[in-house]
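Asks: Below is one structure. I have some questions about it.
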Amino acid sequence: MRLLKALAALTLGLLPAVVAQADCAPRSLRLAVIPIKDAQVMTHEHQALLQRLGDASGRPVELVVAPSYEAVVDAIVSGGADIARLGPAAYVLAHRLDPRVEAFATFTLSAGPYTPAGNYYHSLLLTRDDGPATIESLRGKRVALSDPSSTSGSLVPSVEFATQVTTPLPHYFGALVYAGNHDKALDALLQGRVDAAFVASERADAYLATHRLAPERFQVLWRSTPIHYDPYVFSPGLCAALKTRIRQAMLDDPKALAQFVTSQDASGLVAVSHEDYAPLERMMDAAGQQ
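End of the sequence shown sits at 294 in my numbering; the numbers just go up one at a time, nothing left out.
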């Protein structure tokens, strides 16, 4: 599929010739995150996590809210970041570029209007309550996506939804608009700038809560199969001792990060590995062969 091939080519172009050796030298650490919300909001929400990781590692930890998903992939593969929160598809891309990129933690999610409790979520196609009521009625309409590297806001719709309607997204819809993140896609939908939006179910849950909207404000026209949630990952250049301390700081004491977890519209943190993202990797492989 053209979208996935273009994204892979872009990301490959960012890979440096040499990845630094594992580094335990005293220095500050960098945590890069995908732009899920406004950068100022994310910076405020992450203070408890930065403090916790700083105490565990014995060095300051800086938050970097990246401008795009691709920028986080570049940072974690190149060693520009030591830890990162990636979308599932962005993680698979990073792992392909360097298999030493290691997924180690993810959130568990509370049940919401669109998302079941657990560590899975869905890609949704939403319209307004007064908007088109069927998938067929969206043919030729203007639809929002979030980011080209977003799992639920681009990849899964481009593969799973396109398979269902037997038509590539650019041919099915009249226009595709990348809003930048899920909240901005929902803003565009409510403001009437698009007729529908592909978004993550858990971000839609959070959007309803933040804006005090009833679930009936949107119509769900399509729901994907379950997707394993965003992983936190280690850079290949981070040494084993620091990985152990950071993993323990995030996973061993649930109460220590309860406030941060709540701010991420989640219920906890649990361990993950590459195997948890194998179904998504197979989907991406199939899409690349199209």
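Beta carbons are placed, not taken as given, at the ideal position from N, Cα and C, and that holds for glycine.
Computed from a prediction, not measured in an experiment: that's the story for all the values here.
Which runs of the alpha helix (DSSP H), 4 residues or longer, sit entirely within the segment 163–247?
Replies: Listed in chain order, the complete alpha helix (DSSP H) runs (minimum 4 residues) inside the segment 163–247 are 166–169, 173–176, 186–194, 205–215.
Asks: Answer yes or no: do ALA70 and VAL76 have a C-beta to C-beta separation smaller than 7 angstroms?
Replies: Yes.
Asks: Suppose contacts are defined by Cβ-Cβ distances below 7 angstroms. Is PHE238 in contact with GLU49 by that definition?
Replies: No, the Cβ-Cβ distance between PHE238 and GLU49 is not below 7 angstroms.
Asks: May I ask you to report which of helix, strand or coil DSSP gives ALA13?
Replies: Model confidence at ALA13 stands at a pLDDT of 43, short of 50, so the residue's coordinates are unreliable; what they give is reported in the following sentence. If DSSP states are grouped into helix, strand and coil, ALA13 belongs with the helices.
Asks: How do the segment 87–94 and the segment 150–162 stand: do at least 3 beta-carbon pairs fall below 8 angstroms, yes or no?
Replies: Yes: at least three Cβ pairs fall under 8 angstroms.
Asks: Where does the unbroken beta strand (DSSP E) through SER127 begin, and where does it stop?
Replies: Start and end: 127–132.
Asks: According to DSSP, is VAL265 part of a helix, a strand, or is it coil?
Replies: Helix at VAL265.
Asks: Look up GLY157 in the DSSP assignment and say whether it is helix, strand or coil.
Replies: Helix at GLY157.
Asks: Could you tell me the alpha carbon to alpha carbon distance between TYR281 and HIS232, rounded to whole angstroms?
Replies: If you take the alpha carbons of TYR281 and HIS232, they lie about 7 angstroms apart.
Asks: Whole-angstrom Cβ separation of ILE87 and ALA98, contact assumed at under 8 angstroms?
Replies: Not quite, the Cβ-Cβ distance comes to about 12 angstroms (not below 8 angstroms), so this is no contact.
Asks: Note the first and the last residue of the continuous alpha helix (DSSP H) segment covering LEU54.
Replies: Note, LEU54: alpha helix (DSSP H), 51–61.
Asks: Under 8 angstroms Cβ to Cβ from ALA192, same chain only, skipping five residues before and after it: list those, please.
Replies: Same-chain partners within the cutoff: ALA148, VAL181, ALA183, VAL198, ALA201.
Asks: For the alpha helix (DSSP H) that contains VAL274, what are its first and last residues?
Replies: Run containing VAL274: none in the alpha helix (DSSP H); it sits in the beta strand (DSSP E), 272–275.
Asks: Measure the alpha-carbon distance for PRO39 versus GLU140 and round it to whole angstroms.
Replies: Using only the alpha carbons, I get a separation of about 32 angstroms.
Asks: Is TYR211 close to the ligand MG? I mean its beta-carbon at under 6 angstroms from any heavy atom of the ligand.
Replies: For the ligand MG, the structure offers nothing, since it holds no ligand at all.
Asks: Using only the alpha-carbon positions, how far apart do GLN25 and ASP187 sit?
Replies: Low confidence applies here, because GLN25 scores a pLDDT of 46, under 50, leaving its location unreliable and the question unanswered by this model.
Asks: Within 10 angstroms of its Cβ, does GLU66 collect 16 or more other Cβ (buried), or is it exposed?
Replies: With fewer than 16 Cβ atoms within 10 Å of its Cβ, GLU66 is classed as exposed.
Asks: Would you decide whether PRO240 is buried or exposed? Buried here means 16 or more other CB atoms lie within 10 Å of its CB.
Replies: It is buried - the Cβ of PRO240 has at least 16 other Cβ atoms within 10 Å.
Asks: State the start and end residues of the unbroken alpha helix (DSSP H) segment that holds GLU106.
Replies: Per DSSP, GLU106 belongs to no alpha helix (DSSP H); it is in the beta strand (DSSP E), 106–112.
Asks: Since I believe LEU129 is in contact with LEU225 (beta carbons under 8 angstroms), could you give me their beta-carbon distance rounded to a whole number of angstroms?
Replies: With 8 angstroms as the limit, LEU225 and LEU129 qualify as a contact, their Cβ atoms being about 5 angstroms apart.
Asks: Check whether the Cβ atoms of GLN223 and THR138 sit closer than 7 angstroms, and answer yes or no.
Replies: No, Cβ-Cβ distance for GLN223 and THR138 is not below 7 angstroms.
Asks: Taking a contact to mean a Cβ-Cβ separation below 7 angstroms, would you say MET254 touches LEU273 in this structure?
Replies: It is a contact, given that the beta carbons lie within the stated cut-off.
Asks: Would you mind stating whether ARG249 and SER61 have Cβ atoms separated by less than 7 angstroms?
Replies: Against a cut-off of 7 angstroms, the Cβ pair of SER61 and ARG249 comes out as a contact.
Asks: Measure the C-alpha to C-alpha separation of LEU57 and ASP289 and round it to an integer number of angstroms.
Replies: Rounded to the nearest angstrom, the two C-alpha atoms are 35 angstroms apart.
Asks: Give the straight-line distance between the Cα atoms of VAL169 and CYS28, rounded to the nearest whole angstrom.
Replies: Spanning the two alpha carbons is a distance of roughly 51 angstroms.
Asks: If distances are taken between C-alpha atoms only, which option among GLY135, PHE165, VAL276, THR266 comes closest to GLU220?
Replies: Nearest C-alpha to GLU220: GLY135.
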